[in-house]
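Counting in the UniProt record's numbering, the sequence shown runs from 1 upward without gaps.
Heads up, the thing below is written out as C-alpha cells.
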Amino acid sequence: MQGNGKLAPSPIRLPQPLKDWLKHQAIDNHRSFNSEVLARLEESRARQEKDTIQ
1 MQGNGKLAPS PIRLPQPLKD WLKHQAIDNH RSFNSEVLAR LEESRARQEK DTIQ
C-alpha cells in the first residue's frame with residue numbers, strides 16, 4: 001500500500017453478496033477483509049493510471 005501511512009476510516013455499504021465474495025477472496029489470499037479491499041482498490045487504481053498514460 002502506498003501513501004503516508006495514515007488510514008482514514010471509510011465505512012462503505014456493500015451488497016451482501018459482494019461482501020461475502022470479498023470475505024472469501026480475503027481468506028483465499030490470506031488477508032484480512034480490509035487488506036483485501038485495499039489491495040483490490042490499489043490494483044484498480046494502478047491499472048487505470050497505466051491506461052491513462054498509454
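Just so it is clear, CB atoms sit at the ideal spot from N, CA and C, and this is done for glycine as well.
Since the model is a prediction, treat every value here as computed from it, not as a measurement.
Pair within 7 Å by beta-carbon distance, residue i and residue j
i, j, result
"residue 22", "residue 36", "yes"
"residue 33", "residue 26", "yes"
Element boundaries [alpha helix (DSSP H), containing residue i]
i, result
"residue 39", "33-53"
"residue 26", "16-28"
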